[in-house]
Amino acid sequence: IPAPVSTPESPMRKKAAPAPPKAVVAVLEEKQMAVNVHRFRYAAYIPNGILRLCATPPGTGTDAPDPCPYLAVSREGGAVELVSPCEKYKCIAQVEGMRNRNIDAMAWLRTPTSSTEDMNMDTSSGDAYFCSDHATAMASHSSRKLYGASRDGTIFHINFSTKRHSGIIGSGGGAVFCLVTMGDLLAAGCEDGSVRLYAPSTSTEPNAPCLELVSTLPSVGAAVISIACLPGAGMN
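For the sequence shown, my numbering begins at 9 and goes up steadily by one.
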């Protein structure tokens, strides 16, 4: 058996050095997800329940046409909205409610002066009550103010200018269930069975009461929950 022939290595050939380990590059694939957006159109928006409605009285001017009435809407939670039926019940003003004070009765009452203080509102917010679009319609209502009452025994002026309740007074007869205008007076039906008559206050003090007690009709022995006024002699 012939011996293996050994081939001498070339002096120019060297053993290759081991290659360094390759760096592991992690490639993160961008995850994509197809999302279909569906507009849920048939679910009705359910606002707070309505407690009372009170429309502005008709205009008294003989030359001017009867303006479009405005409607005050009292909702659960105490908020009051002023909407325009002529504009598809667009809300043009709102007074936020107070805690634990639902407005159970409302009435518009003629004030001693023709001041439009509670109707001059900031038109930049878009909820103006006496803005240019409504100035003509509200001209005959400029001497009216909206008053509200609650079962906590308070009566107050609902001021759309300051967006708050002002001139708060106590009824003196417990909870107030109803308000009605009797000429230039405001009648309140109270829990103790009495009917109290109020006149608008003439005070100009900032925190003055909004109404002044004029007279009290004796109690009927049960709470007065509704009042109807029949205009007659001596009623303006």
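Quick reminder that beta carbons are idealized off the backbone N, C-alpha and C, glycines included.
Since this is a predicted model, take the numbers as computed values, not measurements.
Might you give, ordered along the chain, the residues of its own chain that have their beta carbon closer than 8 angstroms to the beta carbon of Ala230, omitting 5 neighbours on each side?
Here the set comprises Gly201.
Starting from Pro208 and walking both ways along the beta strand (DSSP E), at which residues does that stretch end?
From DSSP, the beta strand (DSSP E) with Pro208 extends over 203-208.
Please report how far the alpha carbon of Val103 lies from the alpha carbon of Arg83, in whole angstroms.
Computed Cα separation, rounded: 11 angstroms.
Please tell me whether Val232 and Leu205 are closer than 8 angstroms, where the distance is taken between their beta carbons.
No, they are not a contact pair.
Within the same chain, show all residues whose beta-carbon is closer than 6 angstroms to that of Met106, passing over the 5 residues directly before and after it, in chain order.
Excluding positions up to five away in sequence, the list reads Gly86.
Less than 8 angstroms between the C-beta atoms of Gly197 and Ile235, yes or no?
Yes, they are a contact pair.
I need the straight-line Cα distance from Arg109 to Tyr155, nearest angstrom please.
Taking the straight line joining both Cα atoms gives about 14 angstroms.
Measure from the alpha carbon of Met190 to the alpha carbon of each residue in Ile166, Pro65, Val228, then state which is nearest.
When each option's Cα is compared against that of Met190, the closest is Pro65.
Let me know the secondary structure DSSP gives Glu95 once reduced to three states.
Residue state, collapsed to three classes: helix.
Taking Cys186 as the reference, which of Phe48, Tyr97, Tyr78, Ile111 has the closest Cα?
Among Phe48, Tyr97, Tyr78, Ile111, the Cα nearest to that of Cys186 belongs to Ile111.
Cα separation between Cys139 and Cys94?
Reliability of the predicted coordinates at Cys139 is poor, the pLDDT of 45 falling under 50, and no value is obtained from them.
First and last residue of the beta strand (DSSP E) that includes Asn108?
Element bounds for Asn108: n/a, residue is neither H nor E.
Go ahead and label Tyr97 buried or exposed: buried means 16 or more other beta carbons lie within 10 angstroms of its beta carbon, across all protein chains shown.
Exposed is the call here.
Under a three-way DSSP split, which group does Phe48 fall into?
Phe48: coil per DSSP, three-state reduction.
Mind checking who Tyr155 pairs with in its DSSP beta bridge?
Answer is Ala115, His165, bridged to Tyr155.
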